[in-house]
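Right, one structure below, let's go through it.
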Amino acid sequence: MTKRAFIVWIFVCHSCCHLMAQSAERIDSIAVLNQKSWDYQNGGNYDSSIYLAKQAAALSYQINSFEQMATANQYIGESYMRLHVRDSALKYLNRALVISKQNGLSGFEAGAYNSLANVDLNSNQYERALKNFIRSAHIYDSLNNKIGLLKALSNIGNVEYRLDHLDKAVDYAMQSKKLALADNYTSGVGYAHKLLGWIYRKKGMVDDALAQYDSALHIYESLGSRRDIAEVALSTANALFDKEDYRSAIRYYSQSLKASRSLQYGPFIPYAYSGLAYSHHAIKNNQWALAYADSLEKVSTSVNVNLLLDAYDLKSAIWEDLADYRQALAFKKKFQTLSDSLKTVENRQAIDDAEAKYQNDIKQREIDQLKQEKTLRESRSKIIWVAVAGGLVLIVVITVLLINRFIIINRSSRLLEIERMRNSIARDLHDDIGSALSSINIMSKVALQDVQPEAAQENFKRIGDQSSKVMESMSDIVWSINPENDSVEKLISKMREFAVEILEPTNVQLDFHTLEHLSFTFDASQRKNLFLIYKEAINNAAKYSNCKTVQVLILSEGKQLTLSIKDDGVGFDVDKVKRGNGLNNMTQRASALNGNLQIHSQVGQGTSITLIVPTT
-3 MTKRAFIVWI
7 FVCHSCCHLM
17 AQSAERIDSI
27 AVLNQKSWDY
37 QNGGNYDSSI
47 YLAKQAAALS
57 YQINSFEQMA
67 TANQYIGESY
77 MRLHVRDSAL
87 KYLNRALVIS
97 KQNGLSGFEA
107 GAYNSLANVD
117 LNSNQYERAL
127 KNFIRSAHIY
137 DSLNNKIGLL
147 KALSNIGNVE
157 YRLDHLDKAV
167 DYAMQSKKLA
177 LADNYTSGVG
187 YAHKLLGWIY
197 RKKGMVDDAL
207 AQYDSALHIY
217 ESLGSRRDIA
227 EVALSTANAL
237 FDKEDYRSAI
247 RYYSQSLKAS
257 RSLQYGPFIP
267 YAYSGLAYSH
277 HAIKNNQWAL
287 AYADSLEKVS
297 TSVNVNLLLD
307 AYDLKSAIWE
317 DLADYRQALA
327 FKKKFQTLSD
337 SLKTVENRQA
347 IDDAEAKYQN
357 DIKQREIDQL
367 KQEKTLRESR
377 SKIIWVAVAG
387 GLVLIVVITV
397 LLINRFIIIN
407 RSSRLLEIER
417 MRNSIARDLH
427 DDIGSALSSI
437 NIMSKVALQD
447 VQPEAAQENF
457 KRIGDQSSKV
467 MESMSDIVWS
477 INPENDSVEK
487 LISKMREFAV
497 EILEPTNVQL
507 DFHTLEHLSF
517 TFDASQRKNL
527 FLIYKEAINN
537 AAKYSNCKTV
547 QVLILSEGKQ
557 LTLSIKDDGV
567 GFDVDKVKRG
577 NGLNNMTQRA
587 SALNGNLQIH
597 SQVGQGTSIT
607 LIVPTT
């Protein structure tokens, strides 16, 4: 290596290393942005989370870092989901799903399915949510990703809770909690406690629900997760309200309201106002109840229009307690008007919910069936492993016997093929070459006895013609049995060369057309018969048709080959012309090929010969 080449090599290596280092640095910086986005999301600061994740996504697109790209899009979608912006959440989560699938990122794919299911869950589309949660669980299970699996199990439990399948919901929540404890995944333990609290409250086990909420609240306070604090405090307050412990309920409603305001998270605020208004009204603290009812009236429609009914109902009851019956009647009328307008919507929704429950019931049966099938597969696999050793031995024995049988059959088939070829060659030698040699022998004797030079010259000419035919027949036989000519290309080339040799001296134009890719296989006998039919047709066109153009077309469609030879010569009357050896030979060879030979001709309109042959 010269000094200059060495310097260039060093420069190239240095440049490559520099580019790799820069790429690694950019990936690290994108990962930092995604981590900060995740931290903001956990803290309930969703706008900041979206802002940083969008920066990470833009940078990851520049360097094709697909993992960071999928992560950023998922974080954006999840934050929009928390803000209840459904369309944007679906847009970015579906984008994360596509990136994950296209680049084989199974873990990210499972995460995208999980988040998409949560979006459906927030929209009460339980069937779709359940389907996506199950997809997520299957992928996490196949990857042995315990944290991902426990999240999916918790979410399936949440769907079962909403469908009132409470025992199943408890089972999934317990499975999730067990996995979270085993992996020391604190956030997962907190979610399991929260979910169990919801389930126990729905089952009427309020004290058990409060115990679960208390455990969840301690965990979320230690993690600083303000959104979860707001949610669990609200759930705790609702359970205390069920127990008519209104003053304790007010304390937790206030805690939920404070946490929601601190992170500017709107969805929980109307529920906190509603709980505070009802609790203060229950202890006859009507001024505070009226104040919270006013706040509820202002913000309720942004989350749930049914909360506006609560506001009207509360204010009517409060004004009645304050003996202002005119105000009480006014809000009662508002309540009744809104209630009537919502009934039509509720009836329609009830039908949709009934349909959704029916579909979800079908899905649940499918889940149960899958579990049973999994158990059955596991038991079968044990039996299979016991039988594997014997099965392998049996397979080896059968394989040896089959190979031996194949060798014997192949050898026998080869011998039969050779025998058929020998018989064919012998028949050709006897029929064609033997006949020609016999003619040469007779004409030679006649020429020797003929004293007239002109007659002798004519006999020698005939001898020459017969010799040429013998050589041509020998050439055809040798060509047909030569294995090097087995390919389609060699057959087509032979046919083209023959036509050129015959037609060019007679100034006949040849149009020879084939498809670019012909696919068929013939043995030596079939190849010979096909070529001889073609050869006879070309010879007839050259000798008798007085044509200017011969068109040859070879097509292979499906499992059949079509050979077409057309000329623009004088033609003949097929019914009147006596069929000679040439036409009869063509017909016999077509029959040997199991083919169909069609000859069409009219005087003055040329001749068309079409051969259709089945192929393998």
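The numbering used here applies: residue -3 is where the sequence shown begins, and numbers increase by one.
Note that CB positions come from ideal geometry on N, CA and C, so glycine has one too.
Let me check one thing: in DSSP terms, what residues is N120 bridge-paired to? Here residue 120 refers to the residue found at position 124 when the sequence shown is read from its first residue. DSSP, once it has assigned bridges, lists no residue as partnering N120.
Of the choices T558, Y530, V295, whose alpha-carbon is the least far from that of G578? For the purposes of this step, residue 578 is identified with residue 582 of the sequence shown, where counting begins at 1. G578 has its Cα closest to that of Y530, out of T558, Y530, V295.
Distance, W284 Cα to E316 Cα: As a position in the sequence shown, residue 316 is number 320, starting the count at 1. As a position in the sequence shown, residue 284 is number 288, starting the count at 1. Rounded to whole angstroms, E316 to W284 spans 15 Å at the Cα level.
Are the CB atoms of S84 and I95 nearer to each other than 9 Å? Within the sequence shown, numbered from 1, the residue matching residue 84 stands at position 88. Within the sequence shown, numbered from 1, the residue matching residue 95 stands at position 99. Going by C-beta atoms, S84 is not nearer than 9 Å to I95.
Residue ranges of each beta strand (DSSP E) run of no fewer than 3 residues wholly in the region 558 to 601, ordered along the chain? 592 to 597
What did DSSP end up calling R519 once you bin it into helix, strand or coil? Taking the first residue of the sequence shown as position 1, residue 519 is located at position 523. In the sequence as displayed, the identity of residue 519 is Asp instead of Arg. Correct three-state label for D519: coil.
Measuring straight from C-alpha to C-alpha, what distance separates D238 and A207? Along the sequence shown, one-based indexing puts residue 238 at 242. Along the sequence shown, one-based indexing puts residue 207 at 211. Looking at the two C-alpha atoms, the distance is approximately 15 Å.
Can you list, in chain order, the residues of its chain with a C-beta nearer than 7 Å to that of L292? Leave out the 5 residues immediately preceding and following it. Sequence index remark: in the sequence shown, residue 292 carries index 296 (1-based). The answer, listed in chain order, is P266, Y269, S270, A273, L303, D306, A307.
When you compare only the Cα positions, how much space is there between F527 and A537? In the sequence shown, the residue the question calls residue 527 occupies position 531. In the sequence shown, the residue the question calls residue 537 occupies position 541. Cα-Cα distance, rounded: 15 Å.
From K164 to D364, what does the alpha carbon distance come to, in whole angstroms? Residue numbering aside, residue 164 sits at position 168 when the sequence shown is read from its first letter. Residue numbering aside, residue 364 sits at position 368 when the sequence shown is read from its first letter. When rounded, the distance between both Cα atoms is 11 Å.
Pop quiz: L175 and K142 are said to be a contact at Cβ under 8 Å. What is the actual Cβ separation, rounded to whole angstroms? Taking the first residue of the sequence shown as position 1, residue 175 is located at position 179. Taking the first residue of the sequence shown as position 1, residue 142 is located at position 146. L175 to K142, Cβ: 5 Å. Contact.
Identify every residue that forms a DSSP beta bridge with E553. To locate residue 553, count along the sequence shown from 1; it is residue 557. Paired residues: Q556.
Does the region 585 to 601 come into contact with the region 499 to 513, if we say contact requires no fewer than three beta-carbon pairs (one atom in each stretch) closer than 8 Å? no
Spell out whether any CB of chain C is found under 9 Å from the CB atom of K198. Reference to chain C is not applicable here, since this structure consists of a single protein chain.
Run of the beta strand (DSSP E) containing I605, from where it starts to where it stops: To locate residue 605, count along the sequence shown from 1; it is residue 609. Counting along the chain, the beta strand (DSSP E) containing I605 begins and ends at 603 to 610.
Beta carbon of S56, beta carbon of Q64: below 9 Å? Taking the first residue of the sequence shown as position 1, residue 56 is located at position 60. Taking the first residue of the sequence shown as position 1, residue 64 is located at position 68. Closer than 9 Å, so yes.
In this structure, does DSSP put V389 in helix, strand or coil? Counting from 1 along the sequence shown, the entry for residue 389 is found at position 393. Helix, per DSSP.
Distance, Q556 Cα to S515 Cα: As a working mapping, residue 515 is identified with position 519 in the sequence shown. As a working mapping, residue 556 is identified with position 560 in the sequence shown. Rounded to the nearest angstrom, the two C-alpha atoms are 10 Å apart.
Going by the CB atoms, is the gap between A235 and V251 shorter than 9 Å? Taking the first residue of the sequence shown as position 1, residue 251 is located at position 255. Taking the first residue of the sequence shown as position 1, residue 235 is located at position 239. Reading the sequence as shown, one finds Gln at residue 251 and not Val. No.
For L325, is the classification buried or exposed, using 16 other Cβ atoms within 10 angstroms of its Cβ as the cut-off for buried? The residue you call residue 325 lines up with position 329 of the sequence shown. Exposed, because fewer than 16 other Cβ atoms sit within 10 Å of the Cβ of L325.
Could you tell me the distance, in whole angstroms, from the CA atom of R82 to the CA atom of G193? By 1-based counting over the sequence shown, the position of residue 82 is 86. By 1-based counting over the sequence shown, the position of residue 193 is 197. Cα to Cα, R82 sits roughly 27 Å from G193.
Where the beta strand (DSSP E) through L259 begins and ends: As a working note, residue 259 is residue 263 in the sequence shown. Note, L259: premise wrong, no beta strand (DSSP E); not H, not E.
Three-state secondary structure (DSSP) at H513? In the sequence shown, residue 513 corresponds to position 517, counting from 1. Three-state DSSP puts H513 in coil, outside helix and strand.
Go through its chain and collect everything with a Cβ distance to D569's Cβ below 8 Å, but skip five positions before and after it. If you number the sequence shown from 1, residue 569 lands on position 573. Here the set comprises S597, Q598, V599.
Option nearest M582 by Cα separation, candidates I246, Q51, I534: The residue labelled residue 582 in the question sits at position 586 within the sequence shown. Closest by alpha carbon: I534.
So G554 and T603 are supposed to be a Cβ contact under 8 Å. How far apart are they, rounded? Locating residue 554 in the sequence shown gives position 558, where the first residue counts as 1. Locating residue 603 in the sequence shown gives position 607, where the first residue counts as 1. In fact, because the Cβ distance is near 27 Å, the residues do not count as touching under 8 Å.
Through-space distance from N90 to N592, alpha-carbon basis: Within the sequence shown, residue 592 is the residue found at index 596, counting from 1. Within the sequence shown, residue 90 is the residue found at index 94, counting from 1. Straight-line Cα distance between these residues: approximately 58 Å.
With DSSP run on the structure shown, which of helix, strand or coil describes L318? For this step, residue 318 is matched to residue 322 along the sequence shown. Note: L318 maps to coil in three-state DSSP.
Here's the rule I'm using: 16 or more other beta-carbon atoms within 10 Å means buried, otherwise exposed. How should N30 be labelled? Sequence index remark: in the sequence shown, residue 30 carries index 34 (1-based). Result: buried.
Between the Cα of S244 and the Cα atoms of I394, V496, A233, which residue gives the shortest distance? The residue you call residue 244 lines up with position 248 of the sequence shown. Checking every option, the nearest Cα to that of S244 belongs to A233.
Tell me the rounded alpha-carbon separation between Q594 and R492. As a first step, residue 594 must be located in the sequence shown, where it is residue number 598. As a first step, residue 492 must be located in the sequence shown, where it is residue number 496. So the two alpha carbons sit approximately 21 Å from each other.
Since F508 sits in a beta bridge, which residues does DSSP pair it with? The sequence position of residue 508 within the sequence shown is 512, counting from 1. F508 pairs with V548.
In three-state terms, what does DSSP make of Y181? For the purposes of this step, residue 181 is identified with residue 185 of the sequence shown, where counting begins at 1. In the structure shown, Y181 sits in coil (DSSP, three-state: anything other than H, G, I, E or B).
Enumerate in chain order the residues of its own chain whose CB-to-CB distance from D309 is below 7 Å, with the five nearest sequence positions on each side excluded. For the purposes of this step, residue 309 is taken as residue 313 along the sequence shown, with counting starting at 1. Cβ neighbours of D309 beyond the five flanking positions: F331.
Determine the DSSP secondary structure at A17, reduced to helix, strand or coil. Along the sequence shown, read from residue 1 onward, the residue named residue 17 stands at position 21. Because the pLDDT at A17 is just 47, under 50, the model does not fix this residue reliably, and the point stays unresolved.
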